Structure formats: C-alpha cells, structure tokens
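Residue numbers (the UniProt record's numbering): 1 to 287.
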C-alpha cells in the first residue's frame, strides 16, 4: 500500500503515511509490553504466537517508515537540486553578460568616436533588451524564484512565446518553502507554454506577482486555446491530462496539494481571450 502511494506521485501524502506508521508502531509497542507482562503472570501459552505476530508487524512497519523517510528526503533533494541548477544557470548568464558588456562598451565607444551615432544606437538596442530580460527576473528576495523565472523566460523565448513578468513584491515573507513555490510556478508556466504551442500566431504568457494585506497573489495567464468547462472541473484531479504521452496528469494535482497544505487557494478560469490561474498564499505569521 505504501509503495502504491509513492508511485502515485502524491508527495504530500508521504508525511501523513509516515505519521500513521509511527502511530501504529507506538500502539504495537504498547501491545507487546502488555503481552510481556501477561507472560510474566504465566499466560505465555495464550500470547506467545500473538506476540510474535505483533513483533513481526512492528518490524515491517518500522521498515516501511524508514523507506518512507528516505523517499521523502530524496524527493525534497530532487527539488532542491533543480533550484540549485536554475541558480547556477542564472549565475552563469550574469557572468557571461558582465564579460560581454565590456566588449559592447568598447564597440559603442569606438562608434561614438567615429561619430556613428545611429550605428551606436542600433548596436545597443539588442544589448539593452538582453539586460532588461534578465533584470525582469531579479526582483524578489528569493534567489530560487528569481532563477526559476529567468529559466522560464529562456524556455518561452526558445518557443517563441512572449513572456511578461510583473513583479510588485519581493516575496520576503513567504510561508511556503521557496522550492515548493518553484514547483508550483514551474508546473503552471510549463503548461501555459505547452498550450500556447498550439497557436500559430502571437503567443503571450503573463506572470503577475503581487501582495495584498497578509497574502501574496499570483496570476499566471496565457492567450492559448480555451479550456472547456468539463476539463476545468477535472483539471486538478489526480491523473487527469490532455496529453497522450504516458507519465502526465500529476502536475496540477500536486500544485493544488502544495498550495492547500500551505493554507492557500488556487482557481482557474478560461475564456476565449485568456486562461488564468489565480493563486493566493498566506504570508509567514509575525513576518
């Protein structure tokens, strides 16, 4: 049963399963102690077999608990490694840009010396756009979130999707773990890009991050194909997917579980103009 839960991909149930196993182990220990006391009173012939069975079950449960803990740690490490990978890529991008800017400045200085002002302006336009593209993702106090957004900007660009970031908060007081929020945002942004690939005309994806009172607000929308009402009702169900490939159907289900466990909410709406995912997450108490 335990492995079945793990294979299902519901990472958030692992802690609950481990908690239940620990409780069962405690009850079994109490039962074993009670049987041992009965043994001392001369009733060993009545409890001997039962005692062996209970001890055996306790050992099995203990083993399952250890496996669950190791598996939960592995899942957490995979998410942390993904965040570290994004951070390393962002750091590399910044180092490369710093090196390139020195060369760009030399070229622009040379053009100005030659009084080629129009050429200097044309040369600087793509360089400036590159600076803006990176700086758009460096607006929060969470390095992992910054790195993820930068990585998704690059994915969107490769897929000819115009991705806009509107960040009006530094996310300094997140209650949710940053790596968990990365998983939420990555799933929704990736789904949006995938949906937009069905379009042959301009593709737009907008990520708004704001705050209001004691909550952070996220609105991720795209102008891809409309999602009909039947699909909207099932979109967060485990295993539901519109993709034909095997292995899909867990992303948005996990997203909803993570948000729910953090005390937040998520809603999705879809019209001819856009599909929007609205997320509300509470801030850390006493932040």
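Idealized CB from N, CA, C, for every residue including glycine. Keep in mind the model is a prediction, meaning the values are calculated, not measured.
Alpha carbon of residue i to alpha carbon of residue j, nearest angstrom
i, j, result
"residue 115", "residue 251", "56 Å"
"residue 157", "residue 147", "16 Å"
"residue 267", "residue 129", "34 Å"
"residue 109", "residue 123", "11 Å"
"residue 221", "residue 280", "15 Å"
"residue 180", "residue 144", "10 Å"
"residue 174", "residue 107", "44 Å"
"residue 210", "residue 113", "45 Å"
"residue 196", "residue 190", "10 Å"
"residue 219", "residue 164", "12 Å"
"residue 208", "residue 182", "15 Å"
"residue 139", "residue 153", "14 Å"
"residue 212", "residue 120", "44 Å"
"residue 286", "residue 178", "18 Å"
"residue 235", "residue 193", "17 Å"
DSSP-derived helix/strand/coil call for residue i
i, result
"residue 285", "coil"
"residue 218", "strand"
"residue 223", "coil"
"residue 161", "coil"
"residue 167", "strand"
"residue 104", "helix"
"residue 190", "helix"
"residue 112", "helix"
"residue 148", "helix"
"residue 2", "No answer about residue 2 holds up, because its pLDDT of 38 lies below 50 and its placement is not dependable."
"residue 259", "helix"
"residue 235", "coil"
"residue 254", "helix"
"residue 246", "Bear in mind that the predicted position of residue 246 carries a pLDDT of just 44, short of 50, making it too unreliable to give a figure here."
"residue 119", "helix"
With 16 other Cβ atoms within 10 Å as the buried cut-off, status of residue i
i, result
"residue 184", "buried"
"residue 176", "buried"
"residue 126", "exposed"
"residue 168", "exposed"
"residue 247", "With a pLDDT of 46 at residue 247, under the threshold of 50, the modelled position of this residue cannot be trusted; read the value that follows with caution. It counts as exposed."
"residue 261", "exposed"
"residue 150", "buried"
Nearest-angstrom beta carbon gap, residue j and residue i [assumed within contact, 8 Å]
i, j, result
"residue 204", "residue 162", "5 Å"
"residue 187", "residue 255", "5 Å"
"residue 142", "residue 171", "5 Å"
"residue 270", "residue 217", "About 19 Å; that fails the 8 Å criterion."
"residue 282", "residue 215", "6 Å"
"residue 265", "residue 258", "The Cβ separation is near 12 Å, so there is no contact."
Subject >> Any 3 or more C-beta pairs closer than 8 Å across the stretch 216-234 and the stretch 269-282 >> reply: The answer is yes - the stretch 269-282 touches the stretch 216-234, with three or more Cβ pairs under 8 Å.
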